[in-house]
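What follows is one structure encoded as structure tokens, with my remarks underneath.
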Amino acid sequence: MAFALVLAACAACTDNPRGGASPEEDPVRQPTGVIATDPAASRGPAPETAGAVPGGTVTVFRQTALARLDPQRIYSFMGLSISQLYARRLTTFADDGSGKLTLVGDLAETPGTDVNGDCRTWEFRIKENVRFETGAPVTARDIAYGIARSFDLTLAGGPTYLQEWLSGTPQYDKAFDFEKDKAALPPGVEVPDDRTLRLRFPKAQCDLPFAAALPATAPVPAAADTGLDYDRAPVATGPYKIEGRTGDTELRLVRNPQWDPATDATRHQYPDRFTLAFGADPVAQTNRIMAAQGPDASAVSFDGVPPSLLSRVTGDPALDPRMLRSQTPRLTMLSINTRRVTDLSVRAALNRAVDRESLVKALGGAAVARPLTTLLPPSTIGWHAYDAYPKSAVDVAGAGELVLAHADDAEGQLAATSLATGLRAAGFTITTKAVPADNYLPEIQKADNPWDLYLDSWAPDWPSGAAVLPALYDGRSINAEGGNNGTSYLDARPLDAEFDRIQALPIDEQSPQWAALDEKIMREYAPVVPLYTELTCTIRGPSVGGLFVDSVFGSLAFVNAFVTP
Amino acid sequence: MSFRLRRFRSVLAAAAGALLLTLVAAAAPLIAAIYGAGPQDTFADDLDAYGMPYGIAGGVSTVHWLGLEPGLGRDLMIQIVYGLRTSLTVAAPAVLLATALGTVIGAVAGLLGGWVDALLTWLTDVAIALPLLLCAIAVIRPLELAFYGPRDAVPGTFRMTVLIGLFGALGWTGVARLVRGQVRALREREFVTAAVALGAGPGRILGREVLPHLGPPITAGAALLLPTFTSAGAALSFLGLGVLEPTPDLGRTIQRSLGYLQTDPAYVIFPGLALVLLVFVFTVLGESVRRAFDPGPGR
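Just so you know, the protein sequences line up as chains A and B, in that order.
Using the numbering used here, read the first sequence as starting at 1 and increasing by one per residue.
Using the numbering used here, read the second sequence as starting at 1001 and increasing by one per residue.
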């Protein structure tokens, strides 16, 4: 016993000197996004990755199994990353991991042609020599079929942009019944010949080339569609195909010999295989990759380094070249229920009073989150920094008692405790209310929820203000059950015209306008307290290279990955 | 009785330890006032950019004797002191409740025998078979919804009260079995037969003849329940079913600390030692009391 105590006491003798090396601030990565106008940018092969050699196996660790492989049903960060390896889509982002983004044609020869210049009719010409893993050529019909099956509510789970835009209504399943006639095409989808896909929209959809980069536009051969079972073995078009899986513990991808690098502007086929290994928690993942024994030497953690291990990992200079750190577009904000907190001065006071620094420290510090004062994440094209409500003493008269709801899991309790402490210190009367974590999101997404403040987050699907501001703050999409995707339930008529005006602009003119609208909404309505953007901070084994954090979702990108022997 | 207890030095040591821990828990607000940090006070300035405490062993200093919690930056010693208070506030009333229930049920079953005994024995078996975790899941959230509106804060004492009820309702079985066995043995003794022959009813026999002999086994059973409930409460917090933030709790603190084993071992060791000490002291106390009352040879 005494021995154990001495041992314990010695183990506890860690020293963390004040004024020691503080982490370097990762520079804000400001993407410069363009849509490729030169068709040559959409042609393959992709430029070689420096130092890349063929062969080897890349292992990807994640705690929970990848739920879905069906390209029309994918919406998780890992699904979006991994599907790049086996599912090609109409367009995709050529990304160098430093923010230089170019939207290029993937299966299509260009990232879409706006036929009449009004963003209502878009045409895609399908490349030659793009084939399924079976050897069959990919036709416009296969892509149209993929779009058609996404109208089926039993195959739900994926994004709904195309379905809603084509049918002009959020109840798109009423506009097109896929089950009734699987050979029919949804409204607005036309296939004049095998290599042409035309999409007609009732309203201008200038963001279409971005939306077409989601895996929902991946082709599906109608004959191979087994409905819900297609999830197990989607037919590959990318450089890798699914070899098999072992329950919920392992998923194996092997090279797809039918993939032609000359048709692909963004992907490579360096490793022999990818193994996705599920089950180990982030602490175990990090420890295994640090130890780098056997196959772990070419492994990477998808979940990232947990906050509890950050000081160890970042404190070891030898590990520094193996760290992958970058901002992500994922936003977390304290939503203010504008139906209850109707006084703008109270909402402004909340913005002035919030203690973002303490919150970020509570969540793991400078390596996992960065304080934010804007509605758009810094990864948005055209973003500009501003702080409408700098921290200052506030007058809380008239605020009354505010109820802050939070999920009752460990992280929810931690964040709410930190926020409430900061707001109370500024003089607010805050009641915290724990909501069961599994029920938290559905509850705050009810427009008539009884709380004043709650944590909410959002991850835009492409780096444009159009994927954030109208999605969260357009009051016209609030309906009886709930809302738009935002939970502040801001319903401001003067903004309607602004949303419509900017969305109808040509895509390259939109960016500065969204940034201006961001600041306008904050200054005139303050519907939320922006809190932080997440940062990706993960570690790779010493023999895997070419990995980077993508500029669109802030997840690991595997298209350039290679293994050195 | 008392002179036999005194013969065990371990009893005295354990009793002193238990008394000390109880005093610390009871005087937590006083300790916080003298020490100069409350359970909700955060010291974010003493954390580095990663949320880790500056200084040695998780920020141990003359101001923060056991350092700070990483992340929130609350004083760890005050969290432990208040955590002890939460643990004991749940465990002690739960022990009283479980012991009272067990004594009544066991005595009635043992004294009356027959179908009452069969029924109560069956009930005991059912209570033993009920898993604490499932009951906690089934009871805690519905009760919260029943008693508190959607905007009302649920005070930490509510969850503590529910836990007391839960432990009481499921923890009486050991005492009941012990008491039933003792009562059945006592029932056949001459003095009880004599009382029955003199015309005493079951109430009088239970109160005047049987119960006075049950003191030692009940005390021992109760003393052993305390550490059981303490660790069960910590385990429930561990699973997110116990007491929530911002009410300090040892189990939850330990759960959160485990991830920091490699980076801030002091954060794991201090609350861990506190829980070990708490359970150890009361286990030794219970075991000593049991042995002191044990009439068998070989002491």
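Think of the CB as a built atom: it goes at the ideal place given N, C-alpha and C, for glycine as much as any other residue.
*DSSP-derived helix/strand/coil call for Thr1228(B)*: helix
*Would you kindly work out how many angstroms separate the C-alpha atoms of Gly244(A) and Leu251(A), rounded to a whole number?*
6 Å
*asked:* Does Val115(A) come out as helix, strand or coil in the three-state DSSP assignment?
replied: coil
*asked:* If I follow the unbroken alpha helix (DSSP H) through Phe132(A), where does it start and stop?
replied: Note, Phe132(A): premise wrong, no alpha helix (DSSP H); not H, not E.
*For Pro202(A), return the contacting residues in chain B, with the cut-off set at a CB-CB distance below 8 Å.*
Within 8 Å Cβ-Cβ: nothing; Pro202(A) doesn't reach chain B, min ~40 Å.
*Whole alpha helix (DSSP H) runs in the region 1187 to 1244 of chain B with 4 or more residues, listed along the chain?*
1190 to 1197, 1215 to 1238
*Could you give the distance in angstroms between the alpha-carbon of Leu276(A) and the alpha-carbon of Phe61(A)?*
6 Å
*Pick from Val1011(B), Ala1018(B), Gly1071(B) that is closest to Asp1264(B), judged by C-alpha positions*: Each of Val1011(B), Ala1018(B), Gly1071(B) was checked against the Cα of Asp1264(B), and the nearest Cα belongs to Gly1071(B).
*Got a sec: is the Cβ-Cβ distance from Ile1254(B) to anything in chain A below 7 Å?*
Chain A, which has no Cβ nearer than 7 Å to the Cβ of Ile1254(B), makes this no.
*Can you find a CB in chain A that lies within less than 7 Å of the CB of Thr1089(B)?*
no
*Can a CB atom of chain B be found closer than 7 Å to the CB of Asn439(A)?*
It does not; no Cβ of chain B falls within 7 Å.
*Would you mind telling me which residues of chain A sit closer than 8 Å to Tyr1260(B), beta carbon to beta carbon, in chain order?*
Neighbours of Tyr1260(B) across chain A, judged by C-beta separation under 8 Å: Ser308.
*asked:* Quick check: what's the CA-CA separation for Leu1214(B) versus Val1279(B)?
replied: 25 Å
_In the DSSP output, which residue or residues are listed as bridge partners for His406(A)?_
Ala434(A), per the DSSP bridge assignment.
*asked:* What residue range does the alpha helix (DSSP H) around Lys174(A) cover?
replied: 172 to 175
*Interface residues of chain B around Thr431(A) at Cβ under 9 Å?*
Arg1151, Asp1152, Ala1153
_Counting C-beta neighbours from all protein chains within 10 Å, is the total for Asn16(A) 16 or more, i.e. buried, or is it exposed?_
buried
*With 7 Å as the C-beta to C-beta threshold (strictly closer), list the residues of the region 1030 to 1053 of chain B near chain A in chain order.*
Gln1040, Thr1042, Ala1044, Leu1047, Asp1048, Ala1049, Tyr1050, Gly1051, Met1052, Pro1053
*asked:* If we define contact as Cβ-Cβ less than 7 Å, is Glu1069(B) a contact residue for chain A?
replied: no
*Tell me, which residues are paired with Trp122(A) by DSSP?*
Asp114(A), Leu199(A)
*asked:* Is it buried or exposed, Ala1292(B), if we count other Cβ atoms within 10 angstroms and call 16 or more buried?
replied: buried
*Just the Cα atoms here: how many angstroms apart are Pro186(A) and Gly365(A)?*
Whole-angstrom Cα-Cα distance: 48 Å.
*Identify the residues that DSSP records as bridge partners of Tyr454(A): which are they?*
Ser335(A), Ala405(A)
*Span of the beta strand (DSSP E) around Tyr240(A)*: 240 to 246
_Within 10 Å of its beta-carbon, does Ala1146(B) have 16 or more other beta-carbons around it, so buried, or fewer, so exposed?_
exposed
*Check the Cβ-Cβ distances between Arg68(A) and every residue of chain B, and say whether any is below 7 Å.*
no
*State the beta-bridge partners of Ala277(A) as determined by DSSP.*
Note: Ala277(A) sits in a beta bridge opposite Phe61(A), Glu250(A).
*What beta strand (DSSP E) runs, 3 residues minimum, are completely inside the region 66 to 105 of chain A?*
91 to 95, 100 to 105
_Give me the DSSP bridge partner(s) of Gln327(A)._
Leu535(A)
*Output the distance between the C-alpha atoms of Leu1119(B) and Ala1266(B), rounded to the nearest integer angstrom.*
51 Å
*asked:* With H, G and I counted as helix, E and B as strand and the rest as coil, what does DSSP make of Ile1137(B)?
replied: helix
*Helix, strand or coil: how does DSSP classify Asn256(A) here?*
Of the three classes helix, strand and coil, the one that applies to Asn256(A) here is coil, per DSSP.
*Reducing DSSP to helix, strand and coil, say where Ala212(A) ends up.*
coil
*Quick one: which chain A residues come within Cβ less than 7 Å of Leu1021(B)?*
Under the 7 Å cutoff, chain A gives no residues; its nearest Cβ is about 18 Å from Leu1021(B).
_Extent of the continuous alpha helix (DSSP H) run through Val313(A)_ = Looking at the DSSP string, the run of the alpha helix (DSSP H) that includes Val313(A) is 307 to 314.
_Tell me whether the region 1207 to 1226 of chain B and the region 1240 to 1253 of chain B touch, counting them as touching only if at least three CB pairs, one residue from each stretch, are closer than 8 Å._
no
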